[in-house]
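*Asks:*
In my numbering, the protein residues as written are 3 to 1009.
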């Protein structure tokens, strides 16, 4: 194995290089990361080093170039953004790559130039330094261009960025105090730099020919003038002269974004609202994932008068401040490698396979598989459209940064054309092209309709296509023990970080992404995803990385990509020709002149909506099959032009089986998860208990029989997905929208629209009850005392139950869920709770439970079960009836403790409170399990409400040294950077501040 390969597989065994000064340095010696955006910033940083070290080899996925050295005993690694790149994504890419090679970095600095914001309260001037420190409500850096548009067009910033570490902020405070006493050394350090390096004098000396001018905000610079020599002096703002030219240091909020601010009015508007001292373009990308301190030398005033004359000097003053700061940070003591906040075993093929398996989820390709393939000879026009050709033309990528957005009305056929484009690209690709896709599905399970599912799917496809990229998973925590199929395994920010690193590590390969139906995902998630990919696309373009992204959606008026190509589907001539081609093929009414007239009229009425066309063809074909050719024109005239009205027409054309129709709709709308075909069949029959048979015999009722029943019951508005575990959904998201948002329920069932959600859940609860009343135990001969869950006998029982009673598992698992939802909507469930057959339900639940530890004992109370299932509305009913209830849940305290830890992991504060207050579960009761004690778990996961609840429990020992690390809660909070938790622990008065760990380290040493 080559040395580079050995490094890639075992980054902890890295060779040390002799620096020539008697010392050798390894990757793990470097604890200070210093990131710059511009070459002149990197030059100033390098010039501040006390000594320069030889370079070290880098991780295969690290494309950065480094300068290594030392300042005040700290080993420092300096990285600069690639030439021509800028913005938050570029900075995040550089930082994430840095951590691949230098895993022991403890402090990260972002040092360079920025645009100052002078005001009456902050006398910011050119050459001054601004340092990011937290202010009330902000963490030191805010991304001013990330947020959402709210009512009346105002922009509201969403989310927060990580603050610098406690130890960095402590060093800033000490240096600030030193400056009060003896002034800064910035000017002296800059002078020393210039004296030692004459070649830097011209670009880095304080400008004299270009004085510090501040113009009124409404006075714009003449763009034809390179400098401000000819600007009107009468527009200058008069400021008193300072006693000397020593740069001042300002502490407060820095605003970061992906665009240059060159407008004084915009500067002042944002600054006034947010109390901003400085604008820049990189820090938000770092602080989203890597807490860092931002240091900016002021090179302009973020107005139209900005020029480059002050950039060198401002870069030097920022670098000088950073050097001063490092001098007050303790550089002694052992180097502790940067820890992941979650316990993990990293590296190796097995680890990567585990993470890859965790990325996968059951319905990952369900939506794409369900979309019908394009009709013969349709959609091919797209391949010849100039917009499509320009999108894939690498010579034109600078015009659109690799983005194509196909937009269209609901039902126009966007998903069909996206599937066609994806499949064509797959068929035409060579070995150097990677094609990935994701099709959002609002009717599917959670991961099918969220950006988490999208990132997981894209990463899985990308890493399966390019296995070398799987090395990026070595630092990813192993997923939790519980099922990840429909649960979060990584935060969105971490998934974005991995995807960003994968794209920047493509090594010449061309990545094309097709992402369909953005309108079927939450709008705020879509906004964040589009902004992330747009920023990544800009970085890729400037870095000559081949990345192309094709979106499709309805027409968002408020989410756009700045430079992408847009194609409106229903306006395309080729799309209209596709509808005409489909009608000629699928409308089976002959080739007479009258038939051609009907086809022409349908094409005109369709207005580009393919779904409308398909439904109308089905209606007219049925009329024709009845021998009613003469009535086709009349029937066509009766069909509404609008899609929603067409749904209403289909649902009300006949009045047969209206109750079954309503129940079918209620199940598709409100089931906790999409139901399989056989589940929905028996769920509908459960609405009429007399229709239920003892068990399902596939020889008597086939899956095709069920398919026809469901299709007839839903009037053709449902379909079965084409996936390994096929489920039933509406044929299009617009059906759901018509029913719930388009007054469809009100018009179809006028007496049921009030509290329709709650009434529906109540009816679904009753269906579950009816199904559970069948004699399953007697029919299958299930004993009262069940065999051990892992035994072959238990597996046989589960198999028989699920195969013969397909709706049983859903009914057991969700009868209480539907009751809770009904109660939440105002439909009283007191009678249901009073008569709930608890003993029978426990037996049913245990019968299908695969893990023995998850089975309930006979002493399990209803309250305990409601708590485990997080059903606060039903818990409220029980507690109102018995307010002084003092009971135990399960007799096994370990089960209670496991449930407590599980509830913390899943962030369910209501359940945690119930377990602690009502069931009296001891918060320290079972010591430390594999996930740690409850308090440790809450600190690690950042569960604020749960942490506060545990802290308020006097039974929690706050000075006890927990877990295999031997950390106290305070030391754990310091290690995880949970400053708010540190403050609360200190304020509790119940801790000894110097107790940190078995090793004798104090909490402060972990900060």
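Every residue gets a Cβ at the ideal spot worked out from N, C-alpha and C, and that includes glycine. Note that the coordinates shown come from a computational prediction; the quantities given were computed from them, not determined experimentally.
First and last residue of the beta strand (DSSP E) that includes residue 767?
*Replies:* First-last for residue 767: 758–774, but that is the alpha helix (DSSP H), not the beta strand (DSSP E).
*Asks:* Taking just the CA atoms, how far does residue 221 sit from residue 66?
*Replies:* When rounded, the distance between both Cα atoms is 41 Å.
*Asks:* Leaving out five residues on either side along the sequence, give the residues of the same chain with a beta carbon under 8 Å from the beta carbon of residue 341.
*Replies:* In this predicted model, residue 341 has a pLDDT of only 36, less than 50, meaning its place in the structure is not dependable enough to derive any value.
*Asks:* Would you tell me roughly how many angstroms separate the C-alpha atoms of residue 358 and residue 274, rounded to the nearest one?
*Replies:* Near 47 Å, if we compare the C-alpha coordinates of residue 274 and residue 358.
*Asks:* If you drop the 5 nearest sequence neighbours on each side, which residues of the same chain put their C-beta closer than 7 Å to that of residue 607?
*Replies:* Once the five neighbours on either side are set aside, the close Cβ partners of residue 607 are 643.
*Asks:* Do residue 773 and residue 810 count as a contact pair if the criterion is CB distance below 8 Å?
*Replies:* Contact flag set, yes.
*Asks:* So, helix, strand or coil for residue 903, using DSSP?
*Replies:* The answer is helix: DSSP assigns residue 903 an H, G or I state.
*Asks:* Who are the near neighbours of residue 402 in its chain, counting only those whose CB is closer than 6 Å to its CB and skipping five residues on each side?
*Replies:* Excluding sequence neighbours, residue 402 sits near 565, 566 and 567.
*Asks:* Please determine if the region 587–595 and the region 616–635 are in contact, where contact requires at least 3 C-beta pairs separated by less than 8 Å.
*Replies:* Counting Cβ pairs under 8 Å, three or more are found: they touch.
*Asks:* Ignoring anything shorter than 3 residues, give me the beta strand (DSSP E) runs that lie fully in the region 266–318, in order along the chain.
*Replies:* Within the region 266–318, the complete beta strand (DSSP E) runs of at least 3 residues are 278–282 and 295–302.
*Asks:* Apart from the five residues just before and just after residue 1, which ones in its own chain have a Cβ nearer than 6 Å to its Cβ?
*Replies:* An answer regarding residue 1 cannot be provided, because it is not within the stretch 3 to 1009 covered by the chain.
*Asks:* Which residues in the same chain have their Cβ closer than 6 Å to the Cβ of residue 755, if we skip the five residues on either side of it in sequence?
*Replies:* Excluding residues within five positions, the ones whose Cβ falls inside 6 Å are 747 and 748.
*Asks:* Ignore the nearest five residues each way along the sequence and tell me which others in residue 434's own chain have a CB closer than 8 Å to its CB.
*Replies:* Excluding positions up to five away in sequence, the list reads 510, 511 and 512.
*Asks:* Here's the rule I'm using: 16 or more other beta-carbon atoms within 10 Å means buried, otherwise exposed. How should residue 355 be labelled?
*Replies:* Looking at its Cβ environment, which holds fewer than 16 other Cβ atoms inside 10 Å, residue 355 is exposed.
*Asks:* Enumerate in chain order the residues of its own chain whose CB-to-CB distance from residue 467 is below 7 Å, with the five nearest sequence positions on each side excluded.
*Replies:* 436, listed in sequence order.
*Asks:* Leaving out five residues on either side along the sequence, give the residues of the same chain with a beta carbon under 7 Å from the beta carbon of residue 48.
*Replies:* Excluding residues within five positions, the ones whose Cβ falls inside 7 Å are 69 and 80.
*Asks:* Tell me which same chain residues have a C-beta within less than 8 Å of the C-beta of residue 600, skipping the five on either side of it?
*Replies:* Only 589, 591, 622, 634, 635 and 638 meet the Cβ criterion.
*Asks:* With a threshold of 8 Å on Cβ separation, who are the neighbours of residue 990 within its own chain once the five nearest residues in sequence on each side are excluded?
*Replies:* Hits under 8 Å: 953 and 960.
*Asks:* Beta-carbon separation of residue 446 and residue 319 under 8 Å?
*Replies:* Their beta carbons are not under 8 Å apart, which means residue 446 does not touch residue 319 by this criterion.
*Asks:* Mapping DSSP to helix, strand and coil, what is residue 518?
*Replies:* Reduced to three states, the DSSP call for residue 518 is strand.
*Asks:* Are there 16 or more other CB atoms within 10 angstroms of the CB of residue 463, so buried, or fewer, so exposed?
*Replies:* Buried.
*Asks:* Rounded to whole angstroms, what's the CA-CA distance from residue 993 to residue 173? Just pull it up for me.
*Replies:* Answer to the nearest angstrom: the Cα atoms are 24 Å apart.
*Asks:* Indicate whether the contact test is met: 3 or more Cβ pairs, each with one atom in the region 707–722 and one in the region 839–848, closer than 8 Å.
*Replies:* At 8 Å Cβ cutoff, the stretches do not touch.
*Asks:* Any contact of the region 860–875 with the region 789–801, i.e. 3+ C-beta pairs under 8 Å?
*Replies:* No, they do not touch.
*Asks:* First and last residue of the alpha helix (DSSP H) that includes residue 716?
*Replies:* Where residue 716 is concerned, there is no enclosing alpha helix (DSSP H), given that its DSSP letter is neither H nor E.
*Asks:* Taking C-alpha atoms, which residue in 698, 574, 819 and 577 lies nearest to residue 672?
*Replies:* The shortest Cα separation from residue 672 among 698, 574, 819 and 577 belongs to 819.
*Asks:* State the DSSP-derived secondary structure class of residue 620, mapped to helix, strand or coil.
*Replies:* Three-state DSSP puts residue 620 in a helix.
*Asks:* Helix, strand or coil, according to DSSP, for residue 950 in the structure here?
*Replies:* In this structure, residue 950 counts as helix in the three-state DSSP scheme.
*Asks:* Taking all protein chains shown into account, do 16 or more other C-beta atoms lie within 10 angstroms of the C-beta of residue 917, making it buried, or fewer, making it exposed?
*Replies:* Buried.
*Asks:* Do residue 833 and residue 876 have their CB atoms nearer than 8 Å?
*Replies:* Their beta carbons are not under 8 Å apart, which means residue 833 does not touch residue 876 by this criterion.
*Asks:* Which whole-angstrom value describes the C-beta separation of residue 609 and residue 572, a residue pair presumed to lie in contact below a C-beta threshold of 8 Å?
*Replies:* Indeed, because the Cβ distance is near 7 Å, the residues count as touching under 8 Å.
*Asks:* Please specify which runs of the beta strand (DSSP E), each continuous and at least 3 residues long, are wholly inside the region 423–477, giving them in chain order.
*Replies:* Listed in chain order, the complete beta strand (DSSP E) runs (minimum 3 residues) inside the region 423–477 are 435–441.
*Asks:* Exposed or buried, residue 659, counting other C-beta atoms within 10 Å across all chains shown (16 or more means buried)?
*Replies:* So residue 659 ends up on the exposed side.
*Asks:* Please report the distance separating the alpha-carbon of residue 492 from that of residue 256.
*Replies:* Cα to Cα, the separation comes out at about 29 Å.
*Asks:* Report the three-state DSSP secondary structure of residue 596 (helix, strand or coil).
*Replies:* Looking at residue 596 - three-state DSSP - the assignment turns out to be helix.
*Asks:* Name the one or two DSSP bridge partners that residue 73 has.
*Replies:* BP columns for residue 73 point to 76.
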